[in-house]
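Chains as they are written, first to last, in our numbering: chain R, 1361 to 1674; chain E, 4 to 178.
Reading through the structure tokens given below for one structure.
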Amino acid sequence: MPGVVNALMSVAGHPPPPFFKRGPAPLARLFFFVSLSLVLLVADLRFHTVEWIRLGVATVLWPLQRAAYLPVDATNDLGGYFSSLGVLRDENDSLRQRQLATANLLLRQEHLEDENRRLRVLLDMKERQPAEGSVAEILFAARDPFSRRVIVDRGTKSGVEAGQAVIDDVGVIGQVTRTYPLTSEVTLLTDKDQSIPVEVQRSGLRAVLAGAGAGAMELRFLATNADVQAGDILVTSGLDGIYLPGLPVARVQKIDRDNSFAFARIACEPLAGVERHGMVLLLGKRIMPPLPDTAPSLADKPGKGKKIRRKLAP
Amino acid sequence: MSMQPTQSTSRILQPVRDWFIVLTLFMALFLDLLPLGHLNGVPDWVTLVLTFWCLHQPLKVSMGTAFFLGLLMDVADSSVMGQHALAYTLLAFTTCGLSRRVLWFPLLQQALHILPLLLGTQFAMLIFRLASGGELPSLLWFLDSVVGAVLWYPMTYLLLLPQYRPVDRDETRPI
């Protein structure tokens, strides 16, 4: 029947009147938008090629996001205003005590660094890179319930780059994974996709620590007889070229040495306030020495097929 | 195109104004942007308002709007691009398809229809994120949908309020 109507219309020489024009059928539209979303999903997860869309949308959303942050900010300020004198005095006392306790180390640090530099020059070793960084404040945790991320208030305008390590006063909390002009996104160590190369402080054993979600971490790929004990402190090994070596990361909580598995199951808890809010330090990018040329030079590489054309004579 | 709050009442509503739809969606987006982190039991406001307009105005708000809002939410939540867009598109398709049926029910029974729709949206996101290696959220995460369905009753009256105004204004009325 519609075919006949269409034929009649074309005979009449004009399109049907647009009384009930509704665009493409719902199923066609559903198919279009779903495939578009799937393309976006795959592009973001596999190829990371849609960051420019994200940046564009984030720029548009920025004023609204800023406005939404105002009431929360005001509430925090108000809470701070009414926090009692006693609490502040206690905090002040404890801070002063901590400062005194560490003063000894701090005062001698400069001296030690100088000495270290001179000794390294004497030994003809490469100088250690001094740690630099910028202080940032954690604004809020991202809403996404499937990952562990926080937003901090420094962005590309303050020179933040993706890949920078983030620490607080106790240890490493994560890594900058995405930057916007005024904010950046830090993936916490407890995120399931995040891993960090560490070594056991006591034995110097190197391993990879990975997030396990829900505020926990696990030490992966260590044999069941590996030299790890509950209570061991894990520090960064610095092999990755991202984290400076020697930063505290986690404490070993429980070790499950089941011989039926190839690897021990080692649960760890983060040392730093990974799931708390406050001030953090974004460490500057590490400058790594250039890698040695791994490709063997062409001169001493045997030509293709040389082995086949070997002389058979004795 | 509902002219009544539910099809079973006889009250005739004024036609909706386009700017009001835009305004409410904008407000919902604002509420979602409040930096509270993730609190279980706080519903996704955009999902709620989107469902409402898809149900009441399926010719004005449907999959295109849903996809666009989804993109905004993907960036706002810093989740994977396309996650919300996909879930919202599926939600809009289902809701627009069901609108002729659901509006015949009284509000409480409408809420019972809305609950599986909201849960389905969350499940769609869950499936895609778990497939891509995300972490499993706690079961309390689904509380968002339950709270959303509970809020359906007051929200319907709130969002239909501008359409309740009388056709001819009575100048002698105090309010």
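Just so you know, even glycine gets a beta-carbon here, dropped at the ideal spot from N, CA and C.
Item                                                                                                                                                                                : Value
Going by CA-CA distance only, name the one from E:Gly123, E:Val170, E:Val83, E:Leu37 that's closest to E:Thr54.                                                                     : E:Gly123
So, is R:Gln1459 buried or exposed, given that buried needs 16 or more other C-beta atoms within 10 angstroms?                                                                      : exposed
Whose C-beta lies closer than 8 Å to the C-beta of R:Phe1621 among residues of the same chain, with five residues either side of it excluded?                                       : Thr1584
Give a yes or no on whether the C-beta atoms belonging to R:Leu1499 and R:Thr1462 are separated by under 9 Å.                                                                       : no
Any idea if E:Asp173 is buried or exposed, counting beta-carbon neighbours within 10 angstroms, 16 or more meaning buried?                                                          : exposed
Find the residues of chain R that neighbour E:Arg132, judging by a C-beta separation of less than 7 Å, and give them in chain order.                                                : Phe1506
Distance check for E:Val83 and E:Trp107, CA to CA, integer angstroms please.                                                                                                        : 37 Å
Quick check: R:Pro1431 and E:Leu37, are their CB atoms within less than 9 Å of each other?                                                                                          : yes
For R:Asp1708, go through chain E and note every residue whose CB falls closer than 7 Å to its CB, in chain order.                                                                  : With chain R running from 1361 to 1674 in the structure shown, residue 1708 of chain R is simply not present.
DSSP three-state call for E:Leu53: helix, strand or coil?                                                                                                                           : helix
Tell me the rounded alpha-carbon separation between R:Glu1434 and R:Asp1513.                                                                                                        : It should be pointed out that residue 1434 of chain R corresponds to Ala in this sequence rather than to Glu. Rounded to the nearest angstrom, the two C-alpha atoms are 16 Å apart.
Does the beta-carbon distance from R:Leu1594 to R:Ala1610 come in below 9 Å?                                                                                                        : yes
Could you tell me the alpha carbon to alpha carbon distance between E:Gly40 and R:Leu1465, rounded to whole angstroms?                                                              : 38 Å
Just to confirm before moving on: does the CB-CB distance between R:Phe1391 and E:Phe70 stay below 9 Å?                                                                             : no
Tell me whether the beta-carbon of R:Gly1523 lies closer than 9 Å to the beta-carbon of R:Ile1647.                                                                                  : no
With a CB to CB cut of under 8 Å and the five nearest residues on each side skipped, what residues in its chain are close to R:Asp1551?                                             : Ser1507, Arg1508, Arg1509, Gly1534, Gly1571, Gly1573
How far does the alpha helix (DSSP H) with E:Ala88 in it extend, from its first residue to its last?                                                                                : 86-105
Label R:Arg1449 either buried or exposed according to how many other C-beta atoms from any shown protein chain fall within 10 Å of its C-beta, with 16 as the threshold for buried. : exposed
Of the residues E:Ile15, E:Ala127, E:Arg14, E:Thr50, which one's Cα is nearest the Cα of E:Met158?                                                                                  : E:Thr50
Would the beta-carbon of R:Val1526 fall within 9 Å of that of R:Val1558?                                                                                                            : no
Whole angstroms is fine: what's the gap from E:Met4's alpha carbon to E:Leu139's?                                                                                                   : Low confidence applies to E:Met4: its pLDDT is 47, below 50, so where it sits in the model is not reliable, and the reading given next is rough at best. Between E:Met4 and E:Leu139, the C-alpha separation is close to 40 Å.
Give the DSSP-derived three-state secondary structure of R:Gln1613 in the structure shown.                                                                                          : strand
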